[in-house]
Amino acid sequence: MIILSESTEEIELSASAKENQQMTQAAQLLGCKIYYIPRDFQRCETAENALYHLPKYQEKITGIWIGFIPEFERYEAIYNAALEKNINLINTPSEHKKGIEFDLFYPYLQGLTPESIIITSTEKSISAGSILGFPVFVKGAVQSKKQKGWKSCVANNQEELLQLTQYLLKLKYGSRGKVILRKLVKLRYQRLAPNGFPMGREFRVFICQQSIVGYGYYWHGSDNLSQLSSLEEKEVLELALLASQRLNIPYVAIDIGQLETGEWIVIEISDAQFAGVSHIPYLELWNNLKNICEK
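According to full-length UniProt numbering, the stretch in the sequence shown is residues 1 to 295, in order.
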């Protein structure tokens, strides 16, 4: 199995960069071949130049990318350049896009996730807010701004919704020109993040080729909600597998949360190549991935 890693010494080690570094080290310990690639095309200019140091393999071999969520055009270019060297990134460009952009994966999750509306302009936020009611959760098509706190994600009235929509539409990286309004649901929680965001009872499940390769509590640290009973584990993993079967993305991360009523729902999904691992042991994850990809 081939690993394309953005974990280079030039990158300032943020929490995400440290995780990329540790993931790369774990893959290397298990015998994966690592090739380092730049985070963008600023210096190398093209995907072909970014992968110039990779040999062309005699036979097709699976590749996994460790890094930060790329713009779609970059993913597609790297995918095609790797394919020229017989390295087949585990998710095709269309599968990657479906795993990253909310409006593309939402239709597959009807009945499993809260009702949501996709808007592309501030004008459309007026009618959307009326349909879902307030308060409403607001995020970009790719990412939310929950790291900035509750007020950066939740609109209590039309004025706040308009402000959040205007703000998110300007963020090319996080919204890609689309804002998602979600019916606000109440998740079980015990702790608040330092920014005041409720740390809901959520678990991230990594699935490769419809097999679970790892799962763990979404938030860093632990509390009384971070452990699952045998029955709860069964419910969480079955729901994640159901969502994965509907989506049909080879390598996907699925976030499952528990409502105050005890029911489990799908929060959202992502291309697992770029998803934070949180509590999942790196070596366990990579060992399971290798067993599947190298069959």
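The beta-carbon is built from N, C-alpha and C at its ideal position, and this holds for glycine as well.
Query - Residue ranges of each beta strand (DSSP E) within the region 6–87, 3 or longer - result: 33–36 and 61–66
Query raised in the report: Tell me which same chain residues have a C-beta within less than 6 Å of the C-beta of residue 253, skipping the five on either side of it?
Result: 204, 206, 270, 272 and 275
Requested in this report: Give a yes or no on whether the C-beta atoms belonging to residue 169 and residue 155 are separated by under 7 Å.
Outcome: no
Query raised in the report: Alpha carbon to alpha carbon, what distance is there between residue 71 and residue 104?
Result: 15 Å
Requested in this report: Count the other C-beta atoms from every protein chain shown that fall within 10 angstroms of the C-beta of residue 98, then say buried if there are 16 or more, exposed otherwise.
Outcome: buried
**Report entry** Closest Cα partner of residue 101 within the set 177, 225 and 115
**Finding:** 177
Query raised in the report: Can you pull the DSSP bridge partners for residue 253?
Result: 206 and 270
**Report entry** For residue 136, the first and last residue of its enclosing alpha helix (DSSP H)
**Finding:** Run containing residue 136: none in the alpha helix (DSSP H); it sits in the beta strand (DSSP E), 136–140.
Query raised in the report: Pick from 292, 267, 285 and 281: whose alpha carbon is nearest that of residue 111?
Result: 267
Query raised in the report: With a Cβ-Cβ cutoff of 7 Å, do residue 256 and residue 242 count as a contact?
Result: no
Query raised in the report: Between the Cα of residue 174 and the Cα atoms of 145, 125 and 4, which residue gives the shortest distance?
Result: 145
Query - residue 246 - DSSP class collapsed to helix/strand/coil - result: helix
Query raised in the report: Among 224, 221 and 284, which has the Cα closest to the Cα of residue 214?
Result: 284
Query - Neighbour-count burial assignment, residue 113, 16 or more Cβ in a 10 Å radius - result: buried
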